[in-house]
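Visitor: So the sequence lines, in the order shown, correspond to chains U, Z, V and W.
Here the first sequence is numbered in this note's numbering, starting from 1 and rising by one per residue.
Here the second sequence is numbered in this note's numbering, starting from 1001 and rising by one per residue.
Here the third sequence is numbered in this note's numbering, starting from 2001 and rising by one per residue.
Here the fourth sequence is numbered in this note's numbering, starting from 3001 and rising by one per residue.
Think of the CB as a built atom: it goes at the ideal place given N, C-alpha and C, for glycine as much as any other residue.
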Amino acid sequence: MDFALKFLSILFVAALASIAGCDGSAPVEEPNEMVLHHVLYTKIAGLDPANISDIYSRIVASQIFETLYDYHFLKRPYELVPLLAKGMPQISEDRLVYTIIIKKGVYFQSDACFPGGKARELKAQDFVYSFKRIANIKTLSPSWACLDERILGLDEFRQYTKSCAGAEDVDYSRRVEGLQTPDDHTLVIKLTKPWPQFIYSALADTAFAPVAEEAVAYYGQDIISHPVGTGPFRLNVWRRGSYVELVRNPTFRVEPYPCEGESGDAEAGYLDDAGKPIPFADRVVWTVIEEYQPAWLLFLGGKVDAGVIPKDSFDEVVTAGGELTSAMKDRNIHLKTFSDPSTYWLGFNMADDILGKNKPLRRAISCAIDRERFIELFFNNRHLVAHGVIPPMMSSYNPEIEEKGHARYDPQKAEELLAEAVKVRGGKLPVLKIAMPGAGTWFRQYGQFLKRSLNAVGLEVEVQYMDRPTFQEKLRAGSVEMFASGASAAIPDAQEFLSLFYGKYRAGGPNAFNYSNPEFDRLYEKAQVLPDGPERRELYQEMELIVLEDCPAAFLNHRVAYVLRHDWYKNYKPHAFAFGLSKYRRIDLAKRAAYRELVKKIE
Amino acid sequence: MDRITNKKRDLKSMNDNGTLLSVRDLSTHFFTEEGVVKAVQDVGFSIKRGRTFALVGESGCGKTVTALSIMRLVPAPQGRIAGGEIVLEGKNLLELSERRMREVRGHKIAMIFQEHRSSLNPVHTVGSQIAEAVKLHQKRSSREAWTDAVEMLRNAGIADAAERAREYPHQFSGGMCQRVMIAMAVSCEPALLIADEPTTALDVTIQGRILDLLDELQRENGMSILLITHDLGIVAQRADDVAVMYASRIVESADSQRLFAKPLHPYTQGLWESLPRLGFSGRRLRTIPGVVPEPLRFPAGCKFHPRCPKGRSDRRCQSIEPELREVEAGRCVACWHARGYESTL
Amino acid sequence: MTTYIIRRLLYCVPIVFGVLLLTFVLFVVIGGDISIEIAGKGASQETIDEIREEYGLNEPLFLGWDSQFINHFKNALTFDFGRARDRELVIDKIKRGVGPSLALTVPMFFAVVVIAVSLSLVIAFVHGSMWDIFAVVVCIAGMSVPFLSFILFGQYFLAYKWGLFPIFFSSDLTMAQNVALPVLIGVAAGLGGNVRFYRTVMLDEMGRDYVRTAFAKGLSARRVLFKHVLKNALIPIITRMAMAIPFLFLGSLLLERFFGIPGLGYLMVEAIGARDYSVISAMTYISAIFFVVFNLITDICYSLVDPRVSLE
Amino acid sequence: MSERKQIIETRRPPKGRSLWKDAAGRLRRRKPAMVCLGVVIAYFLLAGSIHVGEFFDLKVGPTLWAEQVGRSYAPPSSKNVLGTDIFGQSVLRKTLYGAKISITVALCASLISIAIGVPLGAVAGYFRGFVDEVIVWLYSTLSSVPYILLILAFAVVLRDKTLFGYKVTGITAVYLAIGLTSWVGICRLVRGEIIKHKDREYVMAAVSYGCSRRRIIFRHLMPNVLHIVIIDFSLRFVAFVHAEVILSFLGLGESDRPSWGAMINDARMELSRGVWWQMAAATAAVFFFSLALNIFGDALRDSLDPKLRIQ
């Protein structure tokens, strides 16, 4: 008995200790400390720029790392301005050689990886190193695809790294023709062919931000959790899966808040802080909350500065007219809506025997889907119907695309087309399969919606739900018939969307449709090297029309984001492409304290 | 045992000074899914101070349930005492509160169970199990109770009692366990000791020793013993009075000498004839034909009639159950064919 | 004693071997190759090949010293599970998850045991009465409600509607606040089955001969229950507890998922969603090791509780 | 042996009356158990009739679950007794249809686990020696991995795999996973029981008149351990129904047709907008089914093997 009791009590004490031991409460917030509170809806994978592939890791990493160029915070349309560079790049006549002067007096954050822990100045060589690191096959960087066959000599470097035993064994001093540093503050990049998106896709992308070679050598594989950048904030705490905290980088240079913006910005208060040194915040905190409902409650409680509206609470927040409800207005909550550069679709595998050879069938499917109903059921009516590939916020958007009638819901026409499709097929249509990249509630309902829509016009389909890895694998192998998918642009250029239909990217590449049209490919190759302008825009629209005609996908919707913020959260202007914006944010501490007081009283 | 009586006569003997315990019309039923099992029906007997009363019968005839009824330990919720009286020293035990009854158990009446090994708690030392009762009833301190317990074990014939008191039941042999049980039972000097088949599972040599021990303790303490057994040899040797049970009723009772000399009930006669006796060598042992009826399928009339040489052909035996009647002084029987049975009415 | 433990440990070797074989067959032979997913959308074939090399997927399955089969065993025995899909060391992930998982499961476990054992004692007291029947019916009813419904209703009413508890794990709160509701739900859901089990144990013990002896001694029902029945019942209770302990480390898949507790259960759910075989395989292996060890500890506990058992 | 046990002993069937008849008689006397049996049979009939209905493509009730009967998220009313879901489908029909999925999964899983567990247990118990050691090793290995982890691991790995030319999808993966992992319990029980029985006289007798070993195992020993299998089956069935719910929640189960697990999973989003009926309907369906199974299983155990629980 006594032994048993003893055994139990030991267990019990261990239990108590384990609870006390992992008491993960956050550090106490001092009254005058300016802390930004954000929510991450998915946990972040890692903070190594070269290995960033998800958006949330990018959000956090962008506060720590800086790129040569960045989007202007306020100006619209989106415009790039120098960040680590001193002025815009000098581009040679043939648009192949970029000469970039790098700012002086930029320092890496102090870190144990530097001799004596003291920060080192940023040099042009760091950029070369970072490019080479992405090219190094042992780094397994997902960003390589972007540089593939773009920079002179870099592909040879990549070939060389294949022969190395490990990432450590790669000799980075190996000369690459296209990446040169005449001096410590000049970077010369030579392209293999003109690449108008270069400055957006590489020079302004966090994945290409300079990383200190010392840090990589020091931390090895653990570099994912030890970011050493030049940015305004540095990593303080990262509890994987639950909490990230950045603190102000004490060695950050003096950077002023922008002094000009688009019209109306001054009235909206976006220029109140013009010229003041940034960042304002002392700390930036992200709490990982993977469910919308609790995040929403945190926002209402004043624990988070800005938030998105959960689907099922939408009616409480926004009226039918798209305005905030009075309950929200009483709380001094502001609503911002902005169009996201994204398009979602039901894709067809053109390499498939049935779908690929049957245009009426594809068109019938497109006609059978009631996009407005879809948006009503799943997005509270707030997304936009996709009439084409290119989202409306892009400069190359074709305002007349709606008239092409791609997105018109017409069950009768669908049935007619189906009858035609049966003729083309030369027999009864088999049961078609739709692949869904998940099996959660959302995907199940989405799949059911598609199934119901197609059943309604007399087309038998089977929805196959699979986990994302399987989905990827099947897409790659081209073994799906239809698939639900979508894309979001990282740069304000529709080229990314169009590249998804480029014939050379078939069979395992980004072109999951396995779509191929010589005319399209010709135009694509032509547009690829053109700088932005009316000529390219026209080409884009022409290509879009070809795609709509061939119908390798039924385009469904473009996302529109509804973001709420509290009154105290200043300088909050949504941006579709830039991520490193925490440095501009400011908190009106008095207002926040007052709100929190108020909430306490209400509850 | 002087009287086994039916209802009317029993009222007279209420104040008999020599009687320690009298049981009247005791019925104990078990309510099972299949129906009501009448394990004990209208059983009555009384036990005199300082004497040994034996309850004899085949397995399943209701002996143990009778004993448990006296202790009021019939397993609830199925088992219930359906009626009757159990009077100990003038108090009806069935009317006592549970709390008062606890004072009777172990203190006034103690019981030794048939399964001596499993009846001891395997996770407590034997000493502590004995001391527990002493502490409770004699209001002793723990230490005194322990000393008493050791003393009791020694009296019960266990060598090295002081050491062995610290051991667990599984370290004892069967006979030893029974000694422990006896020590536990007599530790509070009960007025009545119920011994339920105290020797059944033991070797013959040990059987005798255990029974001698009981005799010895009876002489010392002057307690009465209710001996429950199916072993007629033991009854003949040790019991003063005997009652024979068959299918939940008492069919015959008398003091042991008279009963053994001339059994009246055919069942008793059958039992007697199946018993090997000295001096009668060469005679073939007889057995009773048939089996004990199932409690749920008791035959109508006399329950023994299917096995009875007389009853098998007698209409009355098949239809009307004979009650227990005193056919001569201190001698009761329940059989239509017993001499003098019908004249008692 | 020592020889017994050594013998038992040797006995564990084939089991550990079996578990490793099982994880190998499941995750390497049948599960196959997830390099394409690691490489990400639209990755080139050469990147995929490189990943296959890094994760050792291009080695032969069985033949040779460097085969995946040998490596699987080598790595498991040295507790080197490599890196998960997100490049974090699997072992780090597991270490990180153990704390929150235990913070959830240990209070839950003890609350269930304490409440269930006490309740079953009370029921043993009133055994056979209407109360007993009522309790059994409630227990069976409790067992019949799906665990998911317990969680959903609990989270919806207690946390969302009435605001008594935090809805979701938050770093701002203490661990005790965070796990309060999940523990409550876990206890409510687990009580039915446990009370029923312990009631059977108690009643089994109550039906034994020594209990009758104890009653015959004149002991009160309370004393019989606590002194005699409970100590004997402790043997099956301890068995059940010891069997449950290795699972405590795993946390609770559903509770952790719903309340965002960053424990091993959550890790498991994530790994399933991402087909992260290295994590699932490591968890399977580690939990099996725990199980085997606790089996041994259970046997030793027996000898402490039950004087009849000796370890020779 | 105490008197009480004697009483129970005497209730045991006399020779000539079979164990099964006796158990059935005992069961029939238990009113609640019979009610529960009725409920269980009703569920099975429902599931069976849906199978039949789908096979013959009959358009009745649950097979028409996909039909739109009202607006999105209509609360329960006289027209739609249990309200509608996001697509305006009848929740009642979906709930009824869910019985098919649950019972199919539980039944297939049970059959698989019995098909593996019983022969292995019998062989191990009868032959002992090396065969026994291998089988014991096999199930010790499986049982040393936490059950839920094992099921999940199997379900994840088997999903979307082609095994022996057969493609494992949706619920097939679920019942394969459950079946392949849960034979351990029944195997252990059967083995123990066979070991107990194999030295009994009737087996000796069979051996003495030259029965083959197969005949001894299957004709002589199996009938005597069959009740154990039945009891185990009835109690395990409940666990399988609950396992299906959890696997569906984790996205490893049936996703294209309504199942109780999927319905409960959907409900977590809907609850916050006040849509409780889908959740309540699915919960109630699982609740009544497993309540009936539990009570009936208990009664079955008591009547088939009263020794298992003496009170």
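1. In the DSSP assignment, find the alpha helix (DSSP H) that holds Lys-3198 (chain W) and state where it starts and stops.
2. Would a C-beta distance cut-off of 7 Å place Thr-1028 (chain Z) and Ser-1069 (chain Z) closer than the cut-off?
3. Measure the alpha-carbon distance for Arg-2222 (chain V) versus Val-2145 (chain V) and round it to whole angstroms.
4. Near Leu-298 (chain U), which residues of its chain fall below 6 Å by C-beta distance, leaving aside the five closest residues on each side in sequence?
5. Comparing C-alpha positions only, which one of V:Tyr-2285, V:Leu-2267, V:Met-2206 sits nearest to Ala-2233 (chain V)?
6. Looking only at its own chain, which residues have a Cβ that is under 6 Å from the Cβ of Val-2292 (chain V), when we skip the five neighbours before and after it?
7. For chain U, find out if any of its Cβ atoms is closer than 7 Å to the Cβ of Gly-3070 (chain W); answer yes or no.
8. How big is the Cα-Cα spacing for Val-3060 (chain W) and Gly-3053 (chain W)?
9. Determine which residues of the region 460-488 of chain U have a Cβ less than 8 Å from any Cβ of chain W, and write them out in chain order.
10. Classify Cys-1332 (chain Z) as buried or exposed, calling it buried when 16 or more other Cβ atoms lie within 10 Å of its own Cβ.
11. If you reduce the DSSP assignment to three classes, tell me which class Ala-554 (chain U) lands in.
12. For Ile-1047 (chain Z), which of helix, strand or coil comes out of DSSP?
13. Along chain V, in chain order, which residues have C-beta atoms closer than 8 Å to that of Asn-51 (chain U)?
14. Verify the CB distance criterion: does Gln-1058 (chain Z) have a CB-CB separation below 7 Å to chain W?
15. Quick one: which chain U residues come within Cβ less than 7 Å of Arg-2208 (chain V)?
16. Just the chain Z side, please: which residues come within less than 7 Å of Ser-2220 (chain V) by C-beta, in chain order?
17. Using the beta-carbon of each residue, which ones in chain Z are nearer than 9 Å to Arg-3301 (chain W)?
18. Entirely within the region 328-374 of chain U and at least 3 residues each: give me those beta strand (DSSP E) ranges in chain order.
19. Return the chain-ordered list of same chain residues with a C-beta closer than 6 Å to the C-beta of Phe-2165 (chain V), the five sequence neighbours on each side being excluded.
20. For the alpha helix (DSSP H) containing Val-3225 (chain W), name the first residue and the last one.
21. Taking Lys-3198 (chain W) and Tyr-3126 (chain W) to be in contact with their CB atoms under 8 Å, please state how far apart those CB atoms are, rounded to whole angstroms.
22. Hey, how far is the Cα of Val-3174 (chain W) from the Cα of Gly-427 (chain U)?
23. Quick one: does Ser-2035 (chain V) have its CB under 7 Å from some CB of chain W?
24. At the level of alpha carbons, what is the spacing between Ala-165 (chain U) and Asp-184 (chain U)?
25. Given that Glu-1033 (chain Z) touches chain W, what residues does it touch there, using C-beta distances under 8 Å?
26. Which residues in the same chain have their Cβ closer than 6 Å to the Cβ of Asp-340 (chain U), if we skip the five residues on either side of it in sequence?
27. For a minimum of 4 consecutive residues, which ranges assigned as the alpha helix (DSSP H) are wholly contained in the region 462-523 of chain U?
28. Hey, is Arg-444 (chain U)'s beta-carbon within less than 7 Å of any beta-carbon in chain W?
29. Along the chain, where does the alpha helix (DSSP H) that runs through Asp-1025 (chain Z) open and close?
30. Should Ser-3272 (chain W) be flagged as near chain U, meaning a C-beta pair shorter than 7 Å?
31. On the CB-based measure, 16 or more other CB atoms within 10 Å of its CB, does Met-466 (chain U) come out buried or exposed?
32. Mind listing, in chain order, the continuous beta strand (DSSP E) runs of no fewer than 3 residues lying wholly within the region 1219-1260 of chain Z?
33. Listing by chain order, which chain U residues have their CB less than 7 Å from the CB of Met-3269 (chain W)?
34. Chain W beta carbons: is any one of them nearer than 7 Å to that of Gln-293 (chain U)?
35. So, under 8 Å CB-CB, Trp-3277 (chain W) and Gly-3083 (chain W) are touching, yes? Tell me the CB distance rounded to an integer number of Å.
36. Tell me which residue opens and which closes the alpha helix (DSSP H) that His-2072 (chain V) is part of.
Guide: Reading from the atomic positions:
1. Taken as a continuous stretch (DSSP letters only), the alpha helix (DSSP H) holding Lys-3198 (chain W) covers 3183-3198.
2. Their beta carbons are under 7 Å apart, which means Thr-1028 (chain Z) touches Ser-1069 (chain Z) by this criterion.
3. Going by the C-alpha atoms only, they are around 33 Å apart.
4. Excluding sequence neighbours, Leu-298 (chain U) sits near Val-304.
5. The option with the nearest alpha carbon to Ala-2233 (chain V) is V:Met-2206.
6. Cys-2012, Ile-2015, listed in sequence order.
7. Chain U contact via Cβ: absent.
8. One C-alpha to the other measures close to 8 Å.
9. Residues of the region 460-488 of chain U whose Cβ lies closer than 8 Å to any Cβ of chain W, in chain order: Glu-462, Val-463, Gln-464, Tyr-465, Met-466, Asp-467, Thr-470.
10. The residue is buried, with at least 16 neighbouring Cβ atoms inside 10 Å.
11. Three-state DSSP puts Ala-554 (chain U) in a strand.
12. Per DSSP, reduced to three states, the secondary structure at Ile-1047 (chain Z) is strand.
13. Those are Arg-2087, listed as they occur along chain V.
14. Reading the sequence as shown, one finds Glu at residue 1058 (chain Z) and not Gln. For Glu-1058 (chain Z), the answer is no, since every Cβ of chain W falls outside 7 Å of its Cβ.
15. The premise fails here: Arg-2208 (chain V) is roughly 17 Å from chain U at the closest Cβ pair, so nothing lies under 7 Å.
16. Below the 7 Å Cβ cutoff, chain Z contributes Arg-1102 as neighbours of Ser-2220 (chain V), in chain order.
17. Listed by position along chain Z, the residues whose Cβ is nearer than 9 Å to that of Arg-3301 (chain W) form an empty set, because the closest Cβ is around 14 Å away.
18. Entirely contained in the region 328-374 of chain U, the beta strand (DSSP E) runs reaching 3 residues are, in chain order, 333-339, 342-348.
19. Hits under 6 Å: Leu-2158, Ala-2159, Ala-2180, Leu-2181.
20. Here the alpha helix (DSSP H) through Val-3225 (chain W) covers 3222-3249.
21. That belief holds up - the Cβ atoms of Lys-3198 (chain W) and Tyr-3126 (chain W) are roughly 6 Å apart, short of 8 Å.
22. Those two C-alpha atoms are separated by around 36 Å.
23. With 7 Å as the cut-off, Ser-2035 (chain V) does not count as an interface residue toward chain W.
24. Computed Cα separation, rounded: 31 Å.
25. Under the 8 Å cutoff, chain W gives Arg-3026, Arg-3029, Arg-3030.
26. Arg-559, Ala-561.
27. Contiguous alpha helix (DSSP H) elements confined to the region 462-523 of chain U occur at 468-477, 495-499, taking only those with 4 or more residues.
28. By this cut-off, Arg-444 (chain U) is an interface position.
29. Looking at the DSSP string, Asp-1025 (chain Z) is not in any alpha helix (DSSP H); the run it does join, the beta strand (DSSP E), is 1019-1032.
30. With 7 Å as the cut-off, Ser-3272 (chain W) counts as an interface residue toward chain U.
31. Its Cβ being crowded by 16 or more others within 10 Å, Met-466 (chain U) is buried.
32. Along the length of the region 1219-1260 of chain Z, whole beta strand (DSSP E) runs at least 3 residues long occupy 1224-1229, 1241-1246, 1249-1255, reported in chain order.
33. For the C-beta of Met-3269 (chain W), the chain U residues within less than 7 Å are, from N- to C-terminus, Asp-312, Thr-441.
34. It does; some Cβ of chain W falls within 7 Å.
35. With a Cβ gap of about 4 Å, Trp-3277 (chain W) and Gly-3083 (chain W) count as contacting.
36. Boundaries of the alpha helix (DSSP H) harbouring His-2072 (chain V): 2068-2077, taken from the DSSP string.
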